[in-house]
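Since the structure comes first, as structure tokens, the remarks are kept for the end.
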Amino acid sequence: MSAAALFCVLASPGFIPTHAWAKKPAKAAQADAAAPPAASQPAATAESLAASAQTACSPKKVLLVGDSFAVGLGMTMEQSLKPRGPVALASRGKVSSGLNSPKFYDWEKALGEFLVAENPEALVVMLGGNDAKNGKGTPEWSKDFQAKAARFLSIAANHKVSVVWVGLPPMRDKTFSQKAWTANEAMRSACLTAKGCRFIDSWDLFADNAGNFSAKKPVGGKAVSLRGKDGVHFSAAGCKLLTDRIVTGLTAAP
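In terms of this note's numbering, the sequence shown opens at residue 12 and continues consecutively.
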């Protein structure tokens, strides 16, 4: 098994089960995981995102940050970026981290340091899994988490770096999945009100037609395992599927 496959499947963010399933996620829009990319950003649709990516230029340097999801994506991002031309990638993921645990890992401090050290043109963020799993998922929690995401994004804005924030996928555990959905809404809202941020949705890539967790989906006409045995992380194929979508968002005009 390759290093990418091993990490994408086995990386553990240290999640702790808590509350019960409260609301069913929205119905997924795509049956085939290889369908066109979905994204949410000001004055742009999924269709315009895909179209603009055909003519936009790739950034020359990309910084990828986040939790164990981001670490796994870092192992397939270079492969996804390769067709776009020479792009330097700096991957700075931290397993078990999140915006709600600064005593364990202070992402606001770390992001500022990474941006100074790497001086990227674009920032890719995948955070929130640990925050969602360990959080309450209440409206109050969502409001607080949105504020933390907004503060995080303000650091990137101060450095004049464009941001692609990647949403969480559905999880096998229904409690966790619902809270991931709630976290996505908070992160999406923070992104849509921030300067230079595009939110990339990953939910439909890894959901069945009802919007719930799906371990396998058709890719190129064949059923492919996209998730790890833990029902949380991605397989190597899942990582690649998502980084392909992320790269489309990176190369689309703002």
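Glycine included, C-beta positions come from ideal geometry on N, C-alpha and C.
Since the model is a prediction, treat every value here as computed from it, not as a measurement.
Among the options, the one whose alpha carbon lies nearest that of residue i
| i | options | result |
| --- | --- | --- |
| K206 | L74, L138, K171 | K171 |
| G242 | L92, F187, A143, P97 | F187 |
| V174 | L252, P131, W152, V82 | P131 |
| L110 | H244, A194, K93, K251 | A194 |
| R199 | N220, F210, L252 | F210 |
| V177 | L252, V135, T204, A226 | V135 |
| A81 | T204, F115, N141 | N141 |
| K144 | P181, V230, A191 | A191 |
| A218 | W118, D255, L126, L179 | L179 |
| V258 | G239, L122, L126, S91 | S91 |
| K251 | K71, N220, M86 | M86 |
Reduced DSSP category for residue i - H, G, I as helix; E, B as strand; rest coil
| i | result |
| --- | --- |
| M182 | coil |
| A247 | helix |
| L75 | strand |
| P113 | coil |
| A194 | helix |
| A121 | helix |
Distance between beta carbons of residue j and residue i, contact taken as under 8 Å
| i | j | result |
| --- | --- | --- |
| V106 | S79 | 4 Å |
| L74 | R103 | 7 Å |
| L253 | S213 | 6 Å |
| K72 | E129 | 7 Å |
The beta strand (DSSP E) enclosing residue i, as first and last residue numbers
| i | result |
| --- | --- |
| A234 | 233-236 |
| F80 | Counting along the chain, F80 falls outside any beta strand (DSSP E), though it belongs to the alpha helix (DSSP H) covering 79-92. |
| R209 | 208-211 |
| W176 | 173-177 |
Residue range of the alpha helix (DSSP H) that includes residue i
| i | result |
| --- | --- |
| P131 | Run containing P131: none; DSSP gives neither H nor E here. |
| R162 | 150-169 |
| A143 | 140-145 |
Opposing strand residues paired with residue i [DSSP bridges]
| i | result |
| --- | --- |
| A101 | L74 |
| Q229 | In the sequence under discussion, the amino acid at residue 229 is Pro, which differs from the Gln named in the question. In DSSP, P229 forms a bridge with A234. |
| A218 | F224 |
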